Structures are given as structure tokens and as C-alpha cells.
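Student:
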């Protein structure tokens, strides 16, 4: 049974029964053996010139344009499923109407992702890419475009009733290393895992499961071991199937590791659920795929969902050829639940970049419409990055067609048009005071059209930053540029952070469409339907969660609802108290945000399409054995008329976070603190017109964090500007100057005599350096300033006109903008 569930609006779906004959025929292609083709990065072979009858209906015309033309090439399905070839002949080129009839047997109009064709190709059958999941995504998109799964280009989500199963017994990792782990640990050391997977390695790679300390190694190794099925442990697979760091014969080493894990597991007791008020059980993949539900994707021309999870290529799954696949370089790693993490590397650069040839489709398809949108789900690594590239279509750091970038708390939008220069400047940036950019998961959309110019939206909200350049045309675009994520094509504008999804549209999305995509969310999401019919008697009743693998260490459960897949069912009045989420036979001690629930599910607040909202909060449940193996269930203190007390909380080992190097005890002052410090030292009012104007101008480029590792040369340049302005105002006000330096300072002196120089330098050293023990040595600072003063006076004689005052300003600025005031 299925039900369409569109966040906010849901509908009942008809039973979708796939044609058995078509499924069997599809499976029979090539005699049942799995076959592969060489991957192609260009579009499909055009196939024979079509001279058959015209499409008989509008639906067949949609089939022809969106699906048939994409699959009938001889380097895709047309090589096999052609006229006179393997059945079904959905890729035949002689009669599009006959091809349409054959295709209806192997596609699911209600749920394209569940089509027999998609499932077969996703399982490895004749995918034209190295990643079958990417081919499945592309086929799903083509089918969706054909059948128009929802009005306005949105995709419906079909709720599919899972197979009912009771929570099984499972072994659970104890909080400290069991005796049997010593054998596993010894093998990890023997196989030289210590060369990388320990904190003291030359190039340390987390997790540190090869640490000398047994307990540290154990906690890091937990996600890599499967107690119930040791042969599925990552350690075993890595050795036996991926031939990584074998010491002898890889299969023998893998078997040795399997036996060690099996021996450890044999000494661990099996956890069993004792509560009687429990739901049916599910793994994450037993749920209904919810990713991309209700997204507006009608004009997507490049799409990166990052589903592959391995290798060095992120596939463009837009289905628009040629595919602009991205190749990784530097330190780019996969993130669980779909995404990539782009990190800086010493002496190199990290990015994901498409070829210039494949990127050319962006130029062709966007200049044809004259408008576009850049859409991304990102997690910036910090708010101290400046002039960095998140998404760029460019030729160098000074020439581009468009770019989404970061400068501290701001998003930057450079877009080339007839009203900008070749770099897309002047840029449109979010306002400094709004601090829109945060180091958290954010949905960012940048749109351009000839009438309104550029606009920026963050988390579904229009930022209202106005584009002074206005609209224009895209006649100046360059088709030789490359599309890149995380850096510039010239490797000198590194951005760090996580990218969860990127889409390029050749239309400017409307605010309503942007809000729709924001509400749809991102990542590998599922609707988990925990069966409770056996507890309350309501037909086809479930407690439904939205669930996703939040990252490589945990799952996110949100928005529990009560819902029935029977449209005529009503809950009546159902008491619900103390709901907990169980994993592998026990309820974890943390992440139980619903344990204090006390509510009554009732008819008045129940909708047959959207259900009854139990809670609007979310919670994180720790990953134990991975999304394939971790089994979830719900435990209730009371549900309906049944009561029991949830079993004792599980005492399970927690995987510790990866500890970074200890931060420095030395920090730097941030922007407001710098301004206040300079004002306090000089006695100049920070609201002085000249000072205030300079601070406003450089504020964005002053340090935003106290972390000294994040201090940049651009920070020092801005500090110097502000320091010189404070000294300029100080020296130009004779009263303020006398108050600061005293009456003994002679600003008409030639400064050739040490006493005249000391009269200016000494007050600066006293007020800037002071007598704090951790400050620079005052004598050293004095000597440096004296040398600077003499050099400046040698270059151009002091005592002439305002030269002495100007030199004093320079020396004052050097002292005020030095580490003596900036470091803390």
C-alpha cells in the first residue's frame, strides 16, 4: 500500500502493480548476466534517424521528449531494448508509440524511483556510468519529467507500507573494550594501520583505531565492526575486497580479521527487548525515500546530490547531457547521508571541478534563457574565510560567468552581465550587520534575470540586498570556463566546508519555488513507518518519522506523526506517553527527546492526508553498526490502553569525537575589541567622523574570531589602515597630541637628536606596550621604532613643513597596529 506524502499536503495513491511480463523480460536482457558498458561523459548516441509515426497523444509526446530520446541511443538502452531485440522494446527507434506501450510495463508513474527499470539499472544492469546509483537517479528524473509526478515540476513522495517485523535480538558493544578486542587491535597494528590511523602518525587520518591505547582504539573501531555479521565488518571488507594494506594474501588476512571479530562477538551478550508496548522494527533503508520530495526541479541543467559515497567523482545527475561530472583533487572526502567535505591542504588546493567541455552546457543553456539560479545546501567550515569560492563557473580569480562565495559572515554573488565587468563585479553581498552566513547547514539560492538583476535567498528568505548593477544580458559570457566547487580553477581561493547539494537552473527561481525547495530539505532522507496497528487496532496505522543519516556518526529523527494508510481510518482517542527510540535491542541513554511526551491522538486534530503531529522537535540517535544494519523500533510507556515501562537504557560505548590539535593559548582581538583598544590607547573618540568612516569600511576585513590560526595578511592590512587613521586624528589635534605626548615633544624638530626622538617614542611604548610580563620587550620595541623614525627622516628631512608630524603619525601607526595591541 502506498500513500503520496508531500510535506504539508499528502494524498492517497492507487495501488501500483508492475507488469510481471515486462519485469521478467527486462531481467532477461543479455541472458540474465550482468553486463557493463564503458562509461560515457557525453550524451547518448543519437540512434537511428526517426522516421516513424508521430506521437499519438500528449503523454506519448512527453515520453518522447523527456525519456525516449535519452535512452534510445546505442550506448544506452537502445543497444539491447530495440526493435527485434530484447523485450520490452521501450528504446526502439522505429515507432515511438510502440516504445511507449512497452515502457509503461517497467515504470511506476506514482513512484518513479520504484520503477522496475530504475531498480534494475540501480542494481548494476547496463549503467552507462561507473556508479549505478547515479544512473538510477538520472532515470528517475527522466521518468519524473515524463509523467509529471506533481504539478509545477514538484515530485510527489509515495508512502510505502514496510514489511512488518518484530525487533530482533542484537549484540551491542560494551562501554569498555571486551577481552576479545585485543586480538582485533593486534591485527590492526600488524597490518600497519598505525602508519595512518593514529593521532601521532606523520599524516594522521581519523578514525584513530590503530592507537597504542587499547580503549582509544576500541571506541574508534566500533563503527568498523559488525557483531552480528562479522563478515560485513568494514575491516574485513577493506582487506578482502578492496585489498587495502594486506600483509599476506588479502583473502587470508580478511578471514583472520573476521575470526578475530567473531571471537570478540562470541563473548558479548545479546540484547533483547523486554518491553511489551513496542512498535514493529525498521532499518533506515526500510523506509520510504523522501529525498527531494516536493522539490521544484523543472529547469535544472546540472545537479549534484553526492550519493555515490566513494571514489573521486561526483556525478551530475540532472539528466541533461553532457553530464558535467566533478573530479576531486586535494582533500575532498565523502560525508555520510550524501555530501562532500572540502578541506584545505598544506601546499596544495582542494576542489571538485568539471571539464571545460562538459561545463559548456551551462553557457549554452543559460544564455539561451538569459536567466539562471545557483542553489546549494552548504555548511561553511567557519566564518573567518575571506574571498573564497563555494560555487564558481570561471576561468581565473579575475574572470567568471558566475560565482557564489564567502567573505566572513557574508555570501557574495558575482555575476557577469552587460552591467558588470568581466569578473562579475561589482558583487552583490549580504549586509555585514545581518551576518547571514553561519557555520551551520544553510540553503542558499542566488538568482539572476534581466529585469531584476541579482537576488540572494538564505534558508528560504529573500535577504533584500539590492543589486546596484541592475539587470542586463549575458552576451559577454565566456564558454571556455570550467564549473568548480570549493575553490577557483586557478587553485588560489580555497573554501572549506561541507556541500550537501548543488543545482544549477537555467531559470530564475521564484520566491515560492525557493521556499518549496528549502522546505523539501536535503540529504538521504526517509519516512520511517513504525507499525503500531497490533497495539491499538487502527487499520494500517503507523508512527512516522522523517529520518536521515545526519553525518558519519549519527541519525536525525524529526517530526513524528501518527498516520494510517487507510484513508477511511480514524484514531478515535489514543493516549501516548513516554515514547523512546530503540536501536538494536535497547534504548540509548541519549537522544530521547520524546521520553516526556504526554498527549492524546484524536479525531479532531487528525487529517487523513497529513496525519496527527505528535511533536515538532527532532533528536540525534548515535550510529552504531551503520545504516544498513542498525535496526530501530519505538518503545512506549503507554500507547492506547497498553502500558509498560521501557527497558533499562542501553549502556553502550559511545564513539568519541575526533579531537583536533589543542588550540593556541594566544589569540587576537576581534573587530570591535580592536576599535575599542585603539580608542582607549589614543584617547580619540571612536565616533569621530574620520575614524568611524574608516572602521565601517574595514570592519568586514578585521578578525571575526580570536583564533590566531585564522589570522590573515588581509586582517593586518585593515588593522594598519585603522591604526593610521587613529594616529592621524590624534596628531592633527594639537590639544589631544599634547595630552598624549606631553609638552616635551617637539614636532618641529629635525629628529636628529636621540632625546627628540625619545620624547615621541617613549609615550607610545608606555601606552601601547605597558608593563605586562607577556608583552614584547619594551626596549626591543623602542629600538625598532627609533630605527623606523631615522629611516623615514633620512629619506626626506624632518623638521621641514609637516614632515616631523607625518613621521610621528607613521611611528604611532606602527606601534598601535602591532602585535603589542592585537595579540591577547
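Residue numbers (this note's numbering): 796 to 1619. C-beta atoms are modelled at their ideal positions from N, C-alpha and C, and glycine is treated no differently. Predicted model only: the values in this text are computed from it and were never measured.
According to DSSP, is residue 1238 part of a helix, a strand, or is it coil?
Tutor: Here residue 1238 corresponds to residue number 443 of the chain shown, with the count starting at 1. Here residue 1238 sits in strand by DSSP.
Student: By how many angstroms is the C-alpha of residue 1559 removed from the C-alpha of residue 1610?
Tutor: As a working mapping, residue 1610 is identified with position 815 in the chain shown. As a working mapping, residue 1559 is identified with position 764 in the chain shown. Distance between the alpha carbons of residue 1610 and residue 1559: 7 Å.
Student: From residue 823 to residue 875, what does the alpha carbon distance come to, in whole angstroms?
Tutor: On the chain shown, position 28 is the one that residue 823 refers to. On the chain shown, position 80 is the one that residue 875 refers to. Per-residue confidence for residue 823 stands at a pLDDT of 42, beneath the threshold of 50, marking its modelled position as unreliable; the derived number appears in the next sentence. For residue 823 and residue 875, the distance between alpha carbons rounds to 11 Å.
Student: What is the C-beta distance between residue 1190 and residue 1276, in whole angstroms, given that I count them as a contact (C-beta under 8 Å)?
Tutor: Along the chain shown, one-based indexing puts residue 1190 at 395. Along the chain shown, one-based indexing puts residue 1276 at 481. Right, their Cβ atoms sit about 5 Å apart.
Student: Throw me the rounded Cβ distance for the residue 1066 and residue 961 pair, which I believe falls under 8 Å.
Tutor: Here residue 1066 corresponds to residue number 271 of the chain shown, with the count starting at 1. Here residue 961 corresponds to residue number 166 of the chain shown, with the count starting at 1. About 14 Å; that fails the 8 Å criterion.
Student: With DSSP as the reference, label residue 855 as helix, strand or coil.
Tutor: On the chain shown, residue 855 is found 60 positions in, with the first residue counted as 1. DSSP places residue 855 in helix when its eight states are reduced to three.
Student: With respect to the alpha helix (DSSP H) encompassing residue 976, which residues constitute its N-terminal and C-terminal limits?
Tutor: For the purposes of this step, residue 976 is taken as residue 181 along the chain shown, with counting starting at 1. First-last of the alpha helix (DSSP H) with residue 976: 976-985.
Student: In its own chain, which residues sit with a C-beta less than 6 Å from the C-beta of residue 1055, not counting the 5 before and 5 after it?
Tutor: Against the chain shown, residue 1055 aligns to sequence position 260. So the qualifying residues of the chain are 978, 979 and 982.
Student: Considering Cα atoms alone, identify which of 1213, 1025 and 1358 is closest to residue 1402.
Tutor: Within the chain shown, numbered from 1, the residue matching residue 1402 stands at position 607. Out of 1213, 1025 and 1358, 1358 has the C-alpha closest to the C-alpha of residue 1402.
Student: What separation, rounded to the nearest whole angstrom, lies between the Cα atoms of residue 1490 and residue 1554?
Tutor: Here residue 1490 is taken as the residue at index 695 of the chain shown, counted from 1. Here residue 1554 is taken as the residue at index 759 of the chain shown, counted from 1. If you take the alpha carbons of residue 1490 and residue 1554, they lie about 29 Å apart.
Student: Short of 8 Å in beta carbon distance, which residues of its chain neighbour residue 1543, apart from the five on each side in sequence? Order them along the chain.
Tutor: The count along the chain shown starts at 1 and reaches residue 1543 at position 748. Contacts found: 1594 and 1599.
Student: State the beta-bridge partners of residue 1617 as determined by DSSP.
Tutor: Numbered from its first residue, the chain shown carries residue 1617 at position 822. Residue 1617 pairs with nothing; no bridge assigned.
Student: Measure the C-alpha to C-alpha separation of residue 902 and residue 1063 and round it to an integer number of angstroms.
Tutor: One-based indexing of the chain shown puts residue 902 at position 107. One-based indexing of the chain shown puts residue 1063 at position 268. Distance between the alpha carbons of residue 902 and residue 1063 is about 46 Å.
Student: Once DSSP output is grouped into helix, strand and coil, what is the label at residue 1595?
Tutor: One-based indexing of the chain shown puts residue 1595 at position 800. Residue 1595 falls in the coil class under three-state DSSP.
Student: Contact between the stretch 1364-1371 and the stretch 1387-1398 is defined here as three or more beta-carbon pairs at a separation below 8 Å; is this criterion met?
Tutor: In short, these stretches touch, since the Cβ pair count reaches three.
Student: Identify, in the order they occur along the chain, each residue of the same chain with its Cβ nearer than 6 Å to the Cβ of residue 959, setting aside the five sequence neighbours on each side.
Tutor: Taking the chain shown and counting its residues from 1, the one referred to as residue 959 is at position 164. These residues qualify, in order along the chain: 1075 and 1326.
Student: Tell me whether residue 834 sits in a helix, a strand or coil according to DSSP, three-state version.
Tutor: Stepping through the chain shown from its first residue, residue 834 is reached at position 39. Residue placement at residue 834 cannot be trusted, given a pLDDT of 37 that sits under 50; what the coordinates show is reported in the next sentence. The answer is coil: DSSP assigns residue 834 none of H, G, I, E or B.
Student: Quickly, what does DSSP pair residue 1184 with across the bridge? List them, please.
Tutor: Along the chain shown, read from residue 1 onward, the residue named residue 1184 stands at position 389. Beta-bridge pairing links residue 1184 to 1200.
Student: Who are the near neighbours of residue 1219 in its chain, counting only those whose CB is closer than 7 Å to its CB and skipping five residues on each side?
Tutor: The residue you call residue 1219 lines up with position 424 of the chain shown. Excluding residues within five positions, the ones whose Cβ falls inside 7 Å are 1195, 1197, 1198, 1209, 1210 and 1211.
Student: In chain order, what residues of the same chain lie with their CB nearer than 8 Å to the CB of residue 855, ignoring the 5 residues before and after it?
Tutor: Position 60 of the chain shown, counting from 1, holds the residue named residue 855. Cβ within range, chain order: 891, 892 and 895.
Student: Provide the residue(s) that pair with residue 1300 in DSSP beta bridges, ordered along the chain.
Tutor: Residue 1300 sits at position 505 when you count from the first residue of the chain shown. Partner(s): 1095 and 1168.
Student: Quick one: any contact between the stretch 1570-1582 and the stretch 1510-1527, if contact means 3 or more CB pairs under 8 Å?
Tutor: No: fewer than three Cβ pairs fall under 8 Å.
Student: Quick one: using the 10 Å Cβ neighbour count with 16 as the cut-off for buried, is residue 940 buried or exposed?
Tutor: As a working note, residue 940 is residue 145 in the chain shown. Residue 940 should be labelled buried.
Student: I'd like to check one pair, residue 1200 with residue 1290: are the Cβ atoms closer than 9 Å?
Tutor: Within the chain shown, residue 1290 is the residue found at index 495, counting from 1. Within the chain shown, residue 1200 is the residue found at index 405, counting from 1. Yes, the pair counts as a contact, with Cβ atoms nearer than the cut-off.
Student: Exposed or buried, which one is residue 1153 when buried takes at least 16 other CB atoms within 10 Å?
Tutor: For the purposes of this step, residue 1153 is taken as residue 358 along the chain shown, with counting starting at 1. Residue 1153 should be labelled buried.
Student: Taking C-beta to C-beta, are residue 966 and residue 1379 nearer than 9 Å?
Tutor: Along the chain shown, one-based indexing puts residue 966 at 171. Along the chain shown, one-based indexing puts residue 1379 at 584. Against a cut-off of 9 Å, the Cβ pair of residue 1379 and residue 966 comes out as a contact.
Student: Could you check where the alpha helix (DSSP H) with residue 1306 kicks off and where it finishes?
Tutor: Here the question's residue 1306 lines up with position 511 in the chain shown. Where residue 1306 is concerned, the enclosing alpha helix (DSSP H) stretches over 1306-1315.
Student: If you drop the 5 nearest sequence neighbours on each side, which residues of the same chain put their C-beta closer than 6 Å to that of residue 1214?
Tutor: Within the chain shown, the letter at position 419 stands for residue 1214. Cβ within range, chain order: 1264, 1265 and 1267.
Student: By the three-class DSSP mapping on this structure, what secondary structure does residue 1233 have?
Tutor: As a working note, residue 1233 is residue 438 in the chain shown. Reduced to three states, the DSSP call for residue 1233 is coil.
Student: Below 7 Å CB to CB, which residues in the same chain sit around residue 1292 once its five sequence neighbours on both sides are set aside?
Tutor: If you number the chain shown from 1, residue 1292 lands on position 497. 1137, 1173, 1174, 1175 and 1176.
Student: Give the secondary structure of residue 1343 by DSSP, where H, G and I count as helix, E and B as strand, and everything else as coil.
Tutor: Start at 1 with the first residue of the chain shown, and residue 1343 comes out as number 548. Strand, per DSSP.
Student: Give the C-beta separation of residue 1073 and residue 1428 to the nearest angstrom, bearing in mind that I take them to be a contact with Cβ-Cβ under 8 Å.
Tutor: Reading the chain shown from its first residue, position 278 is the one you call residue 1073. Reading the chain shown from its first residue, position 633 is the one you call residue 1428. Indeed, because the Cβ distance is near 5 Å, the residues count as touching under 8 Å.
Student: Compare the beta carbon distance of residue 1171 and residue 1240 with 9 Å and say whether it is the shorter of the two.
Tutor: Looking up residue 1171 in the chain shown gives position 376. Looking up residue 1240 in the chain shown gives position 445. In contact: residue 1171 and residue 1240 (Cβ atoms closer than 9 Å).
Student: With a threshold of 8 Å, are at least 3 pairs of Cβ atoms found where one atom belongs to the stretch 1028-1046 and the other to the stretch 1006-1015?
Tutor: With the cut-off at 8 Å, the stretch 1028-1046 and the stretch 1006-1015 do not touch.
Student: Closer than 6 Å by C-beta to residue 1123: which residues in its own chain qualify, once you throw out the five before and the five after it? Chain order, please.
Tutor: The count along the chain shown starts at 1 and reaches residue 1123 at position 328. Cβ within range, chain order: 1107 and 1147.
Student: Just to confirm, is the Cβ distance from residue 1496 to residue 1230 under 9 Å?
Tutor: Position 701 of the chain shown holds residue 1496. Position 435 of the chain shown holds residue 1230. The answer is no: Cβ separation not under 9 Å.
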